[in-house]
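With positions in the sequence shown counted from 1, the corresponding number in the working numbering is that position plus 10.
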Amino acid sequence: MVSLGPRAIKECINTRFAGREPWQVAAITATSVLAGVWVWNIVFQPESIVSRGKKFFFRMARKIPAVANKINKELSKISSDFEKDVKERMGHTNYNRVLQVKGKSKEEIIEELKKNLDLGHYRWDKGFVSGAVYYFSPELINLLTEVYGLASYTNPLHADIFPGVNKMESEVVSISTDLFHGSSKACGTMTSGGTESIIMACKAFRDYGREERGITNPEMILPRTAHPAFEKAAFYFGIRICYIPVDPLTTSVIIKKVKQAINSNTIMIVGSVPNYPYGTMDDIEALASLGRRYGVPVHVDCCLGGFLTAFMPQAGFELPPFDFSVPGVTSISADTHKYGFAPKGSSVVLYSKPEYRHYQYCVTTDWPGGVYGSPTINGSRAGGIIAACWATLMYFGLEGYVKSTRKIIETTKYIERELRMIPEIFIFGKPITSVIAIGSEVFHIYRLSEILNDLGWNLNPLQFPPGVHLCVTHMHVAEGIADRFVQDVKNTVKIIMNDPKSEVKGKMAMYGKSQSIPDRSIVSDFTKLYLDSTYYVPHEANSSN
């Protein structure tokens, strides 16, 4: 290969432009620069050129009348099915379509509220649901009801008016950083949930990368099993995602491929403890080592199981290091409203040092209404939720959390052990906390979910590859629940094996077929239709004013 020096390049350019007028040289130069910028903008976007190419192809295909008509017909049918499902769940209940002229009495409101809460057929209070409700105790509910009532009018935005709410939030953050072995510099904020915690971490490291490292085309490296909240953050903040596959046996991210993906635009590396689909964990020590080597922040997503993993060593269960005790871990997200047992609407995002948290903040200095700053997405926040989260931590204490963790992990390991003895199914990877993901090479695993659903169980479907998982909560530790689940799985497998090649039917059939649709925008469309159905309100019929 011949290397051209400066003189050779100069002679080449002069030769190419020989005999041209100045305006032609200027025009060619400007056109070349504009073309280069255009190509650069096409190639270096948050979404890969391959992904955008596929979307463009399918978007053009959907403009063909015959194709568009067929797709619209199917989407219309799916929309009708979703609406039908909603009507079945709601029964013959009345809807308040408009604000009534006169208010209702307390008794009327409570009666209607109870009717609303009784809708649906899943027996979550009997342990038949995966995840969703992580703890239920009338005693705790009574405490939190009183706590929220006392603090319902407060707002931490007004720190001078409600300093006690800020004190409680600070204590929740301090307790959390201590549980995850942060140093005296560790800090964080409360958020409304795991998604906001993740979004805030992404925002912080995007801004940190821009201001401290000059990164204008930010990229983040994610295991393919990372929570979709990272994709949401990427969409909001213009961050390109580099997805890394997981090992098919361990379902943990492949470290070698993470290393290969790091470049000068990498603003953060993500690992999960555990990941949502399989309940397995990534090698945080290895990821943190890469982060230190290349100067890249490492975020550990503990949203699902953080308030289990924090107590597992004291409950008698070994766990590889994953938190701030690992050099190179710069941030952690963990949901207090899952295994922290706090009411829905609370989570924490934690940082190893205040400099990172500063980039999470949003500050406006030139607004006519005054200097405005907020730590999270929301300006006003519910002080009642902060107080209820704080009260929950105070209620359980270290001993209470260790005790509940021991029960949940023991129950999970019992179920996993029993399920591994069923030859027709397998467990994905090695679950570390409370999620057990089930697959099968003998029959379509969605048939298992379908039949268990008929028996009252509500499991979570997985895709690529197909699977289902049970997220064990404190609702499952009651006597007989785990045994019943195991026995129902065994009985269901026996039924399926009478005809193992039978096709999946019902709702799970649609979920299964969605994985084979190459145009993912169609899957996106009927997901949007499902979301539309959750806001269903009838027209004039069957409604009250």
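For each residue, glycine too, the CB sits at the ideal point set by N, CA and C. Here the structure is a predicted model, which means the values were calculated and not measured.
Practice task
In angstroms with no decimal places, state the Cα-to-Cα distance between Val283 and Asn24.
Solution key: 60 Å
Practice task
Measure the Cβ-Cβ separation of Val487 and Ile425 and say whether it is below 8 Å.
Solution key: no
Practice task
State whether the segment 162–169 contacts the segment 385–404, with contact taken as three or more CB pairs (one from each stretch) at a distance under 8 Å.
Solution key: yes
Exercise for the section: Going by CA-CA distance only, name the one from Phe474, Pro353 and Gln473 that's closest to Leu153. Expected result: Pro353
Problem - C-beta contact flag for Thr199 and Thr402 at 8 Å - result: no
Practice task
Mind checking which residues open and close the beta strand (DSSP E) that includes Ile294?
Solution key: Unbroken run through Ile294 is the alpha helix (DSSP H), Ile294 to Tyr304; no beta strand (DSSP E).
Problem - Own chain partners of Asn552 with C-beta closer than 6 Å, once the 5 adjacent residues on each side are dropped - result: Unreliable positioning characterises Asn552 in this predicted model, as indicated by a pLDDT of 49, which lies under 50. The coordinate reading is nonetheless provided below. Contacts found: none.
Exercise for the section: For the segment 318–325 and the segment 295–302, state whether three or more C-beta atom pairs, one from each stretch, are separated by less than 8 Å. Expected result: no
Exercise for the section: Measure the CB-CB distance between Met485 and Gly203 and report whether it falls below 8 Å. Expected result: no
Practice task
May I have the straight-line CA-CA distance separating Val49 from Phe215, to the nearest angstrom?
Solution key: 27 Å
Handout entry: DSSP state of Tyr424 mapped onto helix, strand, coil
Key = helix
Exercise for the section: Pull up the DSSP beta-bridge partners for Thr276, would you. Expected result: Glu229
Handout entry: CB contact flag (Ser444, Cys313, <8 Å)
Key = no
Exercise for the section: Give the single residue among Ser162, Glu179 and Gly159 whose Cα lies nearest to the Cα of Trp400. Expected result: Glu179
Exercise for the section: Decide if the segment 500–515 is in contact with the segment 451–463; the criterion is three or more beta carbon pairs, one per stretch, under 8 Å apart. Expected result: yes
Problem - Close-in-space but distant-in-sequence residues of the same chain around Leu189 (CB under 7 Å, 5 per side omitted) - result: Ala320
Practice task
Note down the Cα distance separating Gly466 from Glu122, rounded to an integer number of angstroms.
Solution key: 25 Å
Problem - Close-in-space but distant-in-sequence residues of the same chain around Asp293 (CB under 7 Å, 5 per side omitted) - result: Ser262 and Ile265
Exercise for the section: Pull up the distance between the alpha-carbon of Ser356 and that of Gln270, whole angstroms please. Expected result: 36 Å
Practice task
With a 10 Å radius around its C-beta and 16 neighbouring C-beta atoms as the bar for buried, classify Gln525 as buried or exposed.
Solution key: exposed
Handout entry: Whole-angstrom distance between Asp170 and Asp128, CA atom to CA atom
Key = 41 Å
Problem - Cys197 to Val256 span [Cα, whole Å] - result: 31 Å
Exercise for the section: Go through the segment 235–279 residue by residue and report every complete run of the alpha helix (DSSP H) that reaches 4 residues or more, in order. Expected result: 239–247 and 265–271
Handout entry: Boundaries (first-last residue) of the alpha helix (DSSP H) holding Val496
Key = Ile491 to Ile506
Exercise for the section: Measuring alpha carbon to alpha carbon, tell me which of His347, Pro364, Glu489 and Pro258 ends up nearest Ile437. Expected result: Pro258
Exercise for the section: State buried or exposed for Val336, treating a residue as buried only when at least 16 other CB atoms are found within 10 Å of its CB. Expected result: buried
Practice task
Would you mind working out which of Ile185, Thr226 and Val143 sits nearest Asn468, comparing C-alpha positions?
Solution key: Val143
Problem - Nearest candidate by alpha-carbon position, reference Ile446, set Ile419, Asn463, Glu460 and Glu434 - result: Ile419
Practice task
Check whether the Cβ atoms of Ala492 and Thr421 lie closer than 8 Å to each other.
Solution key: yes
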